[in-house]
Every structure is written in C-alpha cells, then in structure tokens.
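Going down the list, the protein sequences come from chains A and B. Numbering of the first sequence is given in this note's numbering, commencing with residue 1 and proceeding in unit increments. Numbering of the second sequence is given in this note's numbering, commencing with residue 1 and proceeding in unit increments. Where a beta carbon is used, it is the ideal one built from N, C-alpha and C, also for glycine. These numbers were taken from a predicted model, which means no experiment stands behind them. Below: the structure, in structure tokens.
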Amino acid sequence: METAIAFWNILKKDIKNYYLKPPNISWGIIFPLSWTLMQLIRSPNMEIIELLPGLMAMSVLFGTTSMLAVTITFEKRSHSFDRLLLAPISLGILVFAKLSGAVIFGLVNAFVPVVFAAFFTDLSGINWPIVIIAVILIAITSALIGLLIAVSVKEVFEAQTLSNFFRFPMLFLCGLFMPIEHLPAILKPITFCLPLTYGTDALNRAIRCSSIFYPTFNIFITLVFSVLLFCLCQRSIKKNWIL
Amino acid sequence: MEVVSVTNLKKKYGEFLAVDHISFSIKQGEVFGFLGPNGAGKTSTINMMIGLSRPTGGHIEIFGIDAVKDVKKVQRIIGVVPDENNLYDEMNGFDNLCFCASLYGISKAKREKRAVELLEQFNLTDAGKRPFKTYSKGMKRKLTIAAAIIHDPKILFLDEPTTGIDVESARQIRELILHLKNQGKTIFITTHYIEEAQRVCDRIAFIVKGRIVKIGSVRELLENTEQEHKLKLKVAGSLNELSGELKNHFQNFKLEILDENSLLITSEERVTLSPIIRWLDSKGILVYEAREIKPSLEDVFVKITGSKAAQISGKEKVEM
Numbered sequence: 001m002e003t004a005i006a007f008w009n010i011l012k013k014d015i016k017n018y019y020l021k022p023p024n025i026s027w028g029i030i031f032p033l034s035w036t037l038m039q040l041i042r043s044p045n046m047e048i049i050e051l052l053p054g055l056m057a058m059s060v061l062f063g064t065t066s067m068l069a070v071t072i073t074f075e076k077r078s079h080s081f082d083r084l085l086l087a088p089i090s091l092g093i094l095v096f097a098k099l100s101g102a103v104i105f106g107l108v109n110a111f112v113p114v115v116f117a118a119f120f121t122d123l124s125g126i127n128w129p130i131v132i133i134a135v136i137l138i139a140i141t142s143a144l145i146g147l148l149i150a151v152s153v154k155e156v157f158e159a160q161t162l163s164n165f166f167r168f169p170m171l172f173l174c175g176l177f178m179p180i181e182h183l184p185a186i187l188k189p190i191t192f193c194l195p196l197t198y199g200t201d202a203l204n205r206a207i208r209c210s211s212i213f214y215p216t217f218n219i220f221i222t223l224v225f226s227v228l229l230f231c232l233c234q235r236s237i238k239k240n241w242i243l
Numbered sequence: 001m002e003v004v005s006v007t008n009l010k011k012k013y014g015e016f017l018a019v020d021h022i023s024f025s026i027k028q029g030e031v032f033g034f035l036g037p038n039g040a041g042k043t044s045t046i047n048m049m050i051g052l053s054r055p056t057g058g059h060i061e062i063f064g065i066d067a068v069k070d071v072k073k074v075q076r077i078i079g080v081v082p083d084e085n086n087l088y089d090e091m092n093g094f095d096n097l098c099f100c101a102s103l104y105g106i107s108k109a110k111r112e113k114r115a116v117e118l119l120e121q122f123n124l125t126d127a128g129k130r131p132f133k134t135y136s137k138g139m140k141r142k143l144t145i146a147a148a149i150i151h152d153p154k155i156l157f158l159d160e161p162t163t164g165i166d167v168e169s170a171r172q173i174r175e176l177i178l179h180l181k182n183q184g185k186t187i188f189i190t191t192h193y194i195e196e197a198q199r200v201c202d203r204i205a206f207i208v209k210g211r212i213v214k215i216g217s218v219r220e221l222l223e224n225t226e227q228e229h230k231l232k233l234k235v236a237g238s239l240n241e242l243s244g245e246l247k248n249h250f251q252n253f254k255l256e257i258l259d260e261n262s263l264l265i266t267s268e269e270r271v272t273l274s275p276i277i278r279w280l281d282s283k284g285i286l287v288y289e290a291r292e293i294k295p296s297l298e299d300v301f302v303k304i305t306g307s308k309a310a311q312i313s314g315k316e317k318v319e320m
C-alpha cells in the first residue's frame, strides 16, 4: 500500500508538473497533427489508414523519448531527482512511476492521428486491442531509451541532441518509410535489433492487415526489449547517479 | 545508546581519496557535528550514510541496520536536508510537503494534516500556497528542513543547513535544530561555520582532507586547549607610552596592547590581577573592565590542524 501511494504520487506529480503544461500539451497535439497533414499533402492519393501505423509510431517515438529524457535531466539538474532516490522505494518502482507518465503521454500522442483519421475513413476494421498493446510497448521502449539517454547526459539540450541520434536512424530503419525487404542487406540486421521495428509491424498488422511477423511474435519481442531496457536503465542509474 | 556507527569508512573518486578510513559513532538524541573546510569530505561522508553514494570500503550501521546493504530500510528512518534545496520549484510549499510525505507512503489525510502543522511550526503558513521558486533562500531552507522531517524520522542529516542564507534565517534554523534535539531527534550536521557547530552540537568531529583529526564534546575539545590563561583589561587612559615599562615590570606575562585602551595578558598560570591594577593605578590609569578570554572552537581547530581559521570558516562569521 505504501509503495502504491508513492508510485501514484510520483506519477501524478509528473503529469501535473510536466505533461499537462501548455507547451507539452501543444507539442503532444500539434506534432502528431503536423506529421499527419505533411504525409497527406505529400501522398494525396494514399488512404489515410495506410499512413496511420507510421504516424502513430512516429508520434509515440518522438513524444516519449523527448519527454522522459528532458524531465529526468531537468530533475537531476535541480537536485529534485535526489529526493526520489532518497525515498524508501525501490529503484524499480521509481523507474516504473517515471515511465508510466511518459507512456500515458505517448498513448495520447498516438491517438491524435487516429482521431484525425476518424473524420475521413472507417476505422471499424482495426484490431484495437493489438493497437493499444503495440502503442503501449512502443511507448515503453521509447521512453526507456529516453531514460538511458537522460542517465548519460548532464544538460537538457544534450538529452535532446542525443535523442535525435537514436530516433532518426530508428525511424528510417524500422520499415516506416521504406519496406524492410527493400533496405540494403547490410542494414537489415540493424533493423531487426530495433524495438520500433516490431512495434510498427504489430501496428501494421492491426490496422492494415499486413505484416512481416505474427502479432504475438512482435508483442513478445517488444516485451523482451522492454524488460531488457528496464534492467539496463536501473543498472545505469545505480552506476551513474549513486556514485 | 549508539544509533550510528561508522567504521573505517573510505571513499575514492578515481585516484582521489575523499574520505580516508574514518570511524565515529553517534548516540541517541545527540547533535553530532562534522566540521571541516570545503572539500574536506563532509558531503562525501553524508552521501554514503544516506545511500546517495557507495563507500569504497568500510561499514555504516544506523539503528542496527547495515546502511550499505539495506539502504531503503535506512532511508525509511532518516530525514535528509542536502546542501542544495531539492524541492520542486513549480509546486507550492504545501504540495511540496504533501508530495514528500507521499514518498513514505503516508495517507492523504495524514500528510495534509502534518503539512499544515509543519508550515505553522516553521512560520510558513502564509507562504504555503506560493510556488517554491518565489521563496527567499531562508524560506527555501526552512521548507527543505520541514520536508525532511515530515515522516518523523529518527535521525536527521543536515548538510550545511545555514550556508548562503541571511543572518535571521540562519538563527531561526539553529533554533529549529535545537528544538528538534529537545524533541529527542538524533541529528548529524555538517558545517564549515565553527561558531554554529559550537552553538548547536553536543559532540564534534574535525575533518580535514578526508580524515578525522579530532573528535569529542565541545567541552572536551575546549578543555584541551585551556592551557593558556588570557585576560583582557579595558582602561581609562592611554597605554601606548607605558608599553615598555609594563613589559619590564610584568615579565612573567605576555602583554599585548590591543589598542590605546585595551591590554591582553597571556600567561601559563592564572593571572593575579591586583598587582597589575595597583601598578596601573599608580600611573594614573584606571582599570574599569577585566574579562577572561575563553578559547573558542576556532582556537582548538587552529591548534589541532595548524590551519588558519579563515580557511575553515571562509572568513564568514556567524551572527548568534
């Protein structure tokens, strides 16, 4: 019960202090909306439903990696993160609480293009449970990558720069812009090492009924990535911040 | 009863030895001061005790719990005021206190009640609804202390609690520390203000370059230095012209004319005043004040370490 109180209050504090701030609300809405409009203008003959998996994946990836990396770097700089490290809660619960805020933010981000698409096309054929699971898992892995970045840097701007170093290659290699089978052979092994590849593939199956792998396989692999990244984050925090 | 026991504690950052095999213990209800110049190893020691840093070697036990292996158990019974305020700028005072209480699993009703009580106790009730970032340095420090005791810890760790704040706030914080001591709390305080340590601590350890060079109660530390007797006389009339004559007449004493009207007498034995007063009277100079000068903790520190006092206090004086 005591752990639940601490967990809930860290999550509530993050949502209130960071995610519900006007600049972040606008970032969370305007950014996915811009991606959607940009893609529609660029490919006017394409069905919006064809673009939806990519748009959702991009929105989650950009939203979650930035937010967690920036908020944690900010808290570390202002020493308020030390207060959390001094609390009698395990590091796992602390990371999970910080992660949950970013995942919720990612979910909201992901559904902006969906709401937009709902005005133009019929979305009744979409497998929503798979969509929700895939979005949550993309959000978790992206946020954990953001957390790993936050542990490695000292300044907020460094977190942003380093995030881009990971985000853009992931975006181009996960099969969103170019089908994986068309990628050069040398890049394909990298593609299959990226959690976003499997999350996007699961979204493709749920929305467009087309994918490389079965959804259960995609979900399993993304879950494995989530657990590995979670453990890696805890280890990095212990190593870098509890000197 | 000993509640903190530190044995052979060591901390290395690369090749730099920040804390060099220190050992000490703290009794229940005691205010224990860690006194040393900047960079002496005070914060490194406190960080290892509270679980924000891992010792390179040695052992820490707090209330019988191994503070290195069972960090989270220890963190439940300690309160920490770090050298930098670590509350949330955007949140108001009341919300900051409630949030800190929630980290210890305290229920909503209890934490709100406790937050109101603490804001009142720390004279921050009016500021309770204002964002933390609008507080003065002294108010921020007070709220940080309130946040550290919101879960009623058994031991309070204070790292440089009055550094960089105004005289009145520093005085209020020292009063709060003494108030907490009277409530039976055990307090570990690091400071580089000698007079502050002398004022609030029961026992003090001097730390220099990562090593404890002296440890004891304020009285014990002072007694060891009381080998010289010092007396300051204030007179009506000028002493300047009598300087040579005075020194010739009282060769058993070391005499120093501080200014035209004050004389400092130093002796290894107790000073008998009447011959001096009589002699000065015969020269037409009236003694109207004689005061024994007790050694200060600063004298003790200088004697032990050979350091200039200014190096430890940063030339800052603490107004009491």
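Where residue i meets chain B, residues with beta-carbon distance less than 7 Å
i, result
"P53 of chain A", "Within chain B, no residue comes near P53 of chain A; the closest Cβ sits about 36 Å away, beyond 7 Å."
"S80 of chain A", "N86, L87 and Y88"
"E155 of chain A", "Correct list: empty, because the minimum Cβ distance to chain B is about 17 Å."
For residue i: DSSP bridge partner residues
i, result
"A236 of chain B", "B:L286"
"V4 of chain B", "B:I26 and B:I62"
"D259 of chain B", "B:S262"
"K214 of chain B", "B:F206"
"Y13 of chain B", "B:F16"
"N92 of chain B", "B:P131"
"I78 of chain B", "B:I155"
"G28 of chain A", "Looking at the DSSP assignment, G28 of chain A forms no beta bridge with any residue, so it has no partner."
"I186 of chain A", "Partner(s): none; I186 of chain A has no beta bridge."
"V31 of chain B", "B:I187"
"E292 of chain B", "B:L231"
"K254 of chain B", "B:T266"
"G57 of chain B", "B:K10"
Residue-chain proximity (residue i, chain A), Cβ-Cβ < 7 Å
i, result
"N86 of chain B", "yes"
"F99 of chain B", "yes"
"G105 of chain B", "yes"
"K294 of chain B", "no"
"K12 of chain B", "no"
"K72 of chain B", "yes"
"S313 of chain B", "With a pLDDT of only 47 at S313 of chain B, under the threshold of 50, the placement of this residue in the model should not be trusted, and no figure is reported."
"K317 of chain B", "Low confidence applies to K317 of chain B: its pLDDT is 43, below 50, so where it sits in the model is not reliable enough to give any reading."
"A309 of chain B", "Its pLDDT being 43, under 50, A309 of chain B is placed unreliably by the model, and the measurement read from it follows with that caveat. A309 of chain B does not count as touching chain A."
"A18 of chain B", "no"
Within chain A, the residues that residue i reaches when beta carbons sit closer than 8 Å
i, result
"V4 of chain B", "What V4 of chain B touches in chain A: nothing, since even the nearest Cβ is about 17 Å away."
"Q75 of chain B", "L86, A87 and P88"
Residue i: contacting residues in chain A (beta-carbon distance under 7 Å)
i, result
"S102 of chain B", "I5, A6 and N9"
"P82 of chain B", "H79 and D82"
"I50 of chain B", "L86"
CB contact check: residue i to chain B, cutoff 7 Å
i, result
"S100 of chain A", "no"
"L50 of chain A", "It should be noted that the sequence gives Glu, not Leu, for residue 50 of chain A. No, E50 of chain A lies away from the interface with chain B (no Cβ there is under 7 Å from its Cβ)."
"E2 of chain A", "yes"
Within chain A, partners of residue i - CB distance below 9 Å
i, result
"M91 of chain B", "K13, K16 and N17"
Within chain B, the residues that residue i reaches when beta carbons sit closer than 8 Å
i, result
"M67 of chain A", "Here the premise fails: no neighbours, minimum Cβ distance about 16 Å."
Closer than 9 Å at the beta carbon, the chain B residues around residue i
i, result
"M244 of chain A", "Absent from the model: residue 244 of chain A. The displayed extent of chain A is 1 to 243, so no value can be given."
Proximity test, Cβ basis, 7 Å: residue i and chain D
i, result
"A117 of chain A", "Structure shown: chain D not included; protein chains present are A and B."
Suppose only complete runs of 3+ residues qualify. What are the beta strand (DSSP E) ranges in the stretch 132-212 of chain B, listed by chain order? Listed in chain order, the complete beta strand (DSSP E) runs (minimum 3 residues) inside the stretch 132-212 of chain B are 155-159, 186-191 and 203-208.
Indicate whether the contact test is met: 3 or more Cβ pairs, each with one atom in the stretch 132-149 of chain A and one in the stretch 76-94 of chain A, closer than 8 Å. no
Do the stretch 38-56 of chain B and the stretch 64-71 of chain A meet, that is, are 3 or more Cβ pairs less than 8 Å apart? no
Does the contact criterion of 3 or more C-beta pairs under 8 Å hold for the stretch 86-100 of chain B versus the stretch 154-164 of chain B? With a cut-off of 8 Å, the stretch 154-164 of chain B and the stretch 86-100 of chain B do not count as touching, because too few Cβ pairs lie within range.
Give a yes or no on contact between the stretch 27-39 of chain B and the stretch 196-210 of chain B, applying the rule of three or more CB pairs nearer than 8 Å. yes
Do the stretch 105-125 of chain A and the stretch 15-34 of chain A touch if we need at least three Cβ pairs shorter than 8 Å? In short, these stretches touch, since the Cβ pair count reaches three.
Between the stretch 232-244 of chain B and the stretch 276-286 of chain B, are three or more C-beta pairs nearer than 8 Å? Yes, the stretch 232-244 of chain B is in contact with the stretch 276-286 of chain B.
Could you tell me whether the stretch 119-138 of chain A touches the stretch 78-89 of chain A, using the rule of 3 or more Cβ pairs below 8 Å? no
Should the stretch 1-15 of chain A be called in touch with the stretch 84-101 of chain A, which here means at least 3 C-beta pairs below 8 Å? yes
Three Cβ pairs or more, each shorter than 8 Å: is that satisfied between the stretch 173-187 of chain B and the stretch 22-29 of chain B? Because the criterion of three Cβ pairs below 8 Å is met, the stretch 173-187 of chain B and the stretch 22-29 of chain B touch.
Which parts of the stretch 208-239 of chain A are runs of the beta strand (DSSP E), unbroken and 3 residues or longer, counting only runs that do not cross its ends? If you keep only unbroken beta strand (DSSP E) runs of at least 3 residues inside the stretch 208-239 of chain A, you get nothing at all.
With contact counted as at least three CB pairs below 8 Å, one residue from each stretch, are the stretch 3-23 of chain B and the stretch 220-230 of chain A in contact? no
Determine contact between the stretch 194-206 of chain A and the stretch 165-181 of chain A, defined as no fewer than three beta-carbon pairs at a distance below 8 Å. yes
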